[in-house]
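If you're matching positions, the sequence shown starts at 2 in this note's numbering and goes up one per residue.
Step one of this worksheet: look at the structure below.
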Amino acid sequence: MQRRTFLKLSGAGVCSSVYPIVGATASNVINITPKAGEINIVGPQFPATQVWGFDGQVPGTPIRVKLGQTVRATIHNALKVPTAVHWHGIRLPNAMDGVAGLTQPPIAPGESFEYRFTPPDAGTYWYHSHVNAYEQVGRGLYGPLIIEEESPPEVDRDLIWMIDDWRLNDDAAIVDNFNSGHDRSHAGRIGNVPTVNGRFRDSVKVRKGERIRLRLINASNARNFALTFGDLNPTVIAIDGQAIEPYQSSDAIVIGAASRVDLIIDMTGDPRATVAVVDSFYRESFELTKFVFSKEILRESALDKSVALALPTLPTPDLANALKQDVVVAGGAMGGLKRAQLDGEWMGLRWIAQQGYVWAINDVVGNKLDMPPLIETKRGTSIHLNLRNESAFPHPMHLHGHHMKLLSINDKPLSQPRWVDSPLLLPDQTMELAFVADNPGDWLFHCHALEHHAAGLGSLVRIT
Ligand code: C2O
Ligand code: CU
Numbered sequence: 002m003q004r005r006t007f008l009k010l011s012g013a014g015v016c017s018s019v020y021p022i023v024g025a026t027a028s029n030v031i032n033i034t035p036k037a038g039e040i041n042i043v044g045p046q047f048p049a050t051q052v053w054g055f056d057g058q059v060p061g062t063p064i065r066v067k068l069g070q071t072v073r074a075t076i077h078n079a080l081k082v083p084t085a086v087h088w089h090g091i092r093l094p095n096a097m098d099g100v101a102g103l104t105q106p107p108i109a110p111g112e113s114f115e116y117r118f119t120p121p122d123a124g125t126y127w128y129h130s131h132v133n134a135y136e137q138v139g140r141g142l143y144g145p146l147i148i149e150e151e152s153p154p155e156v157d158r159d160l161i162w163m164i165d166d167w168r169l170n171d172d173a174a175i176v177d178n179f180n181s182g183h184d185r186s187h188a189g190r191i192g193n194v195p196t197v198n199g200r201f202r203d204s205v206k207v208r209k210g211e212r213i214r215l216r217l218i219n220a221s222n223a224r225n226f227a228l229t230f231g232d233l234n235p236t237v238i239a240i241d242g243q244a245i246e247p248y249q250s251s252d253a254i255v256i257g258a259a260s261r262v263d264l265i266i267d268m269t270g271d272p273r274a275t276v277a278v279v280d281s282f283y284r285e286s287f288e289l290t291k292f293v294f295s296k297e298i299l300r301e302s303a304l305d306k307s308v309a310l311a312l313p314t315l316p317t318p319d320l321a322n323a324l325k326q327d328v329v330v331a332g333g334a335m336g337g338l339k340r341a342q343l344d345g346e347w348m349g350l351r352w353i354a355q356q357g358y359v360w361a362i363n364d365v366v367g368n369k370l371d372m373p374p375l376i377e378t379k380r381g382t383s384i385h386l387n388l389r390n391e392s393a394f395p396h397p398m399h400l401h402g403h404h405m406k407l408l409s410i411n412d413k414p415l416s417q418p419r420w421v422d423s424p425l426l427l428p429d430q431t432m433e434l435a436f437v438a439d440n441p442g443d444w445l446f447h448c449h450a451l452e453h454h455a456a457g458l459g460s461l462v463r464i465t
C-alpha cells in the first residue's frame, strides 16, 4: 500500500463525534497506567489499531489543574518495556523532568514512580514518554496537560485537539519500522494518517455564534502543520502555553512538532455549513478535520468579550550582560556536514553515519543524554542563543525546564517577541532567543523531530 493511500480515502473515518476526551481528571492527585490498548483510528471499515497509551487510551487521560495546585501523578508502568514521563513545557524541578538516563532511572515494567511538581505558569502543555520516544510517543504515549488560568476568557467550549500523524498499513496496524535510517536522516517519521485526538477525518459539531477555545497540541513524532480554518478567523491567544497579545491570523497557523497554539474561534458560519480545517505545511495539502454546523443557532453575532489572557511574567533576560552562544544545527541528508566530533573525536560523517548518527550541534554529535554540556553556567545567568539551521530540514528545537524569548527570525526583530519552548527552526533560518537560566540541573536542548534527536540532534544545558 502506498503511504499516501489513507489521505485519499474519502469515505473513511466518518465517526462524527465531538472528540470526547474521556476521563478528564479534575483532581491533582492522579494515577496513570501506561499500557497496551486498542483504538479505532481510521473508521469502522478498518480494524482497530494496537497502541500504547496512558491508561490504554490515545490521547492519554487529560490532566487539568488550577494554577497553583501541585500535580501528584503516579505512573504505574504496565508496559513490557521501561518508560518515564516528561511534562513538556513545564518549568519544574530537574528530578521531575522525566528524562530517563539523565534526571531519573527508567521506570521498569511493573514499577511505579511519583512525579510531584507545582506548575508556575498557566497554559496548554502535554506529557509524553521520554524513553525511546520515537517509538513510545509514536505508539501513542502522550496526553494533554492543562494548567488553568485564574481568569480565563469566557468561551462556550474549551476543546483540546492533540494532533498526531500515524504510519499505518492497510490493516490499520502501526508500521513498526520506528527510527529507520531514512527517517533519521530525512524529515523524521512522517506518517500517512493524520489524526485529531486519535481519529482520522472526524468532524466536530458546532453551533452558529459559538465561541470555542481550541488548544492545539502537536504530538507528532516529526510532522509539522500549517492549518487554515476556511473563512473562520481564528484569534491566536497563546503559543507554547504562553499568552501573547491576541492577533487575528489570515495566514496559516504553523504548529511544529511538540508546539502548542491556543486559538479563540467564533463560529460565524451558517446552520448546516461545513468548514474544513486544512493543512498545507508540505507539498500536498489535505483536510485534517472539519467543523459541521448544526441547525441550532446559539447567538446571531459573536460574543463581545475580551479574549486576552494575562501576559506571562517570566524572568526577563538581561541582553547586555548575557552569555552569548551560537547554536549551529547541521547534518542529515542533503546537508553540507562533512565531519564532526563523536565522543570527543573528530570523524568523517560517513564513519559517524555508520554508528547511526547524522546530526550535530556546533559540530558535536549528541549521541548521549549525559554528554558534556553545550552551555554550563551559574544559576541566574541570562543566555542569548543564536540558532542557525544549516541543514535541509526543519527542526523544532525544545529546551527543557525553561521558556525562551524569541527575539528575531532571520535577523528581523519580532514586533511582538514571544515566549516559546519548541520553536520551529526552518531550513536556512536563523533565530535569536534569550532566557534566564534560573532552574538548576542538567536540561536537554534537542530537536523534537524524535528521530533526529535519536540520530544525534541533542545537547545539554547545565545550570549550577
Ligand atoms: Cu517533549 Cu525532550 O521532550
Ligand atoms: Cu530535527
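No residue lacks a Cβ here, since even glycine has one placed at the ideal position from N, Cα and C.
For PHE394, the Cβ falls inside the 7 angstroms cut-off from some heavy atom of the ligand CU. Between LEU217 and ILE164 the beta-carbon gap is near 6 angstroms, inside 8 angstroms, which marks them as a contact. For GLY349, the enclosing beta strand (DSSP E) has its first and last residue at 346 to 349. Assignment of LEU146 by DSSP, reduced to helix, strand and coil, places it in the strand class. For SER113, the uninterrupted beta strand (DSSP E) run begins and ends at 113 to 118, by DSSP. Of all alpha-carbon atoms in LYS339, GLN249, SER113, ALA109, the one lying nearest the alpha-carbon of ILE31 is that of SER113. Under the three-state reduction of DSSP output, LEU451 falls in the helix class.
Here SER383 is buried: its Cβ has 16 or more other Cβ atoms, across all protein chains shown, within 10 Å. Non-local C-beta neighbours of PHE55 in its own chain, meaning closer than 7 angstroms and more than five positions away in sequence, comprise ILE33, PRO35, GLY61, THR62, LEU142, GLY144, ordered along the chain. In chain order, the residues with a C-beta atom nearer than 6 angstroms to some heavy atom of the ligand C2O are HIS87, HIS89, HIS129, HIS131, ALA259, HIS399, HIS401, LEU445, HIS447, HIS449.
No Cβ-Cβ contact shorter than 8 angstroms links PHE294 with VAL359. For PHE201, same chain residues with a beta-carbon under 6 angstroms away, outside a window of 5 residues either side, are GLY14, ILE42, VAL43, VAL194 in chain order. Per the coordinates, the alpha-carbon of ASN390 lies some 15 angstroms from the alpha-carbon of SER186.
In the structure shown, SER186 falls within a helical segment according to DSSP collapsed to helix, strand and coil. A straight line joining the alpha-carbon of HIS131 with that of THR378 spans about 25 angstroms. A straight-line Cα-Cα distance of about 5 angstroms links ILE40 and THR50. Between the alpha carbons of ALA174 and THR84 lies a gap of roughly 22 angstroms. Considering only ASP172, TRP167, VAL278, PHE179, the residue with the shortest C-alpha distance to LEU215 is VAL278. Segment contact: the region 319 to 333 against the region 168 to 183, fewer than three CB-CB distances shorter than 8 angstroms; contact not assigned.
Where ALA435 is concerned, the enclosing beta strand (DSSP E) starts and stops at 431 to 438.
Within the region 216 to 260, the complete beta strand (DSSP E) runs of at least 3 residues fall at 226 to 229, 236 to 240, 243 to 249, 254 to 256.
Closer than 7 angstroms to some heavy atom of the ligand CU: that describes the Cβ of LEU458.
In this structure, GLY192 places its C-beta atom within 8 angstroms of the C-beta atom of ARG224. Between GLY242 and GLY367, the CB-CB gap reaches or exceeds 8 angstroms. When ALA323, VAL156, VAL365 are compared, the shortest CA-CA separation from LYS339 is found for VAL365.
Just so you know, the alpha carbons of TRP444 and GLU297 end up roughly 50 angstroms apart. Within the chosen limit of 7 angstroms, the ligand CU does not reach the beta carbon of HIS187 with any heavy atom.
Pairwise C-beta distances place the region 424 to 444 out of contact with the region 343 to 350, as fewer than three of them are shorter than 8 angstroms. Around the beta-carbon of TYR283, fewer than 16 other beta-carbon atoms lie within 10 Å, marking it exposed.
For SER286, the closest of ALA303, HIS403, PHE226 by C-alpha to C-alpha distance is PHE226.
About 25 angstroms separates the beta carbons of ALA303 and ARG419, which is beyond the 8 angstroms limit, so they are not a contact pair. Per DSSP, TYR128 is one residue of the beta strand (DSSP E) stretching across 124 to 130.
Using a 10 angstroms sphere on the CB of SER251, the tally of other CB atoms stays under 16, which defines it as exposed.
In its chain, beyond the 5 residues on either side, GLY210 have a beta carbon closer than 6 angstroms to the beta carbon of ARG300. The straight-line gap separating the alpha-carbon atoms of VAL59 and TRP53 is approximately 8 angstroms.
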